[in-house]
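**Student:**
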Amino acid sequence: MKIISIKTVKHEILGSLSFFEGERDIPFSIKRVYYIYGVPKEGQRGGHAHKNLQQMLFCPYGSIEIVLDDGNNKKSIMLDSPEKGLLIGNGIWRDMIWHKNESVLCVVASAYYNEHDYIRDHKIFKKMVEEGYWDEN
Numbered sequence: 015m016k017i018i019s020i021k022t023v024k025h026e027i028l029g030s031l032s033f034f035e036g037e038r039d040i041p042f043s044i045k046r047v048y049y050i051y052g053v054p055k056e057g058q059r060g061g062h063a064h065k066n067l068q069q070m071l072f073c074p075y076g077s078i079e080i081v082l083d084d085g086n087n088k089k090s091i092m093l094d095s096p097e098k099g100l101l102i103g104n105g106i107w108r109d110m111i112w113h114k115n116e117s118v119l120c121v122v123a124s125a126y127y128n129e130h131d132y133i134r135d136h137k138i139f140k141k142m143v144e145e146g147y148w149d150e151n
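When we follow my numbering, the leftmost residue of the sequence shown carries the number 15, and every step to the right adds one.
#1: Let me know the secondary structure DSSP gives VAL143 once reduced to three states.
#2: Please give the ranges of any beta strand (DSSP E) in the segment 57-96, keeping only runs that are unbroken, at least 3 residues long and fully inside the region.
#3: Just tell me which of PRO54, LYS98 and ASN87 has its CA closest to the CA of ASP39.
#4: Got a sec? Which residues, its chain only, sit under 6 Å from ASN115 by beta carbon, not counting five neighbours each side?
#5: TRP24 bridges to which residues according to DSSP?
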């Protein structure tokens with residue numbers, strides 16, 4: 015996991031334009047973009063890890079806490095600026111907690127949707143970490 019600064023061009027009167035490019039600013043080709051919104055304050059999403067997928071998460075509006083778990087340690091990152099992105103590789107459990115109503119979470123992904131890439135049971139995730147699943151891949 016890594017926090018990145020999203021390139022932003024600011025103009026006093028016209029506002030700001032932020033952008034990133036696949037294989038330049040993020041280390042993968044973008045295959046899918048989606049966004050989550052309408053989650054009430056203190057609502058929680060996520061509760062999964064991915065076997066292979068890489069993602070970048072950003073919050074263009076609001077405040078969303080991303081709780082990351084590598085199977086041994088947990089870390090919390092607050093996405094609360096449209097200029098901040100969070101790169102998440104495979105093998106990381108994530109929970110997302112909305113801290114402001116109307117917050118929007120945007121995600122760019124390295125692959126098309128594949129249900130078989132998801133790990134939705136934390137006990138199975140922990141077992142995969144203990145068995146070195148991601149050490150081999």
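Using N, Cα and C, we set each Cβ at its ideal position, and we do this for glycine too.
**Tutor:** Checking against the coordinates, here is how it stands:
#1: Walking along the sequence shown from the start, residue 143 turns up at place 129. Helix at VAL143.
#2: 58-64, 69-75, 78-83 and 88-93
#3: By 1-based counting over the sequence shown, the position of residue 39 is 25. Nearest option by C-alpha distance: LYS98.
#4: As a position in the sequence shown, residue 115 is number 101, starting the count at 1. Within the same chain, ASN115 has close Cβ partners LYS55.
#5: Here the question's residue 24 lines up with position 10 in the sequence shown. What sits at residue 24 in the sequence shown is Lys, not Trp. When DSSP reads this structure, LYS24 sits in a beta bridge with SER30.
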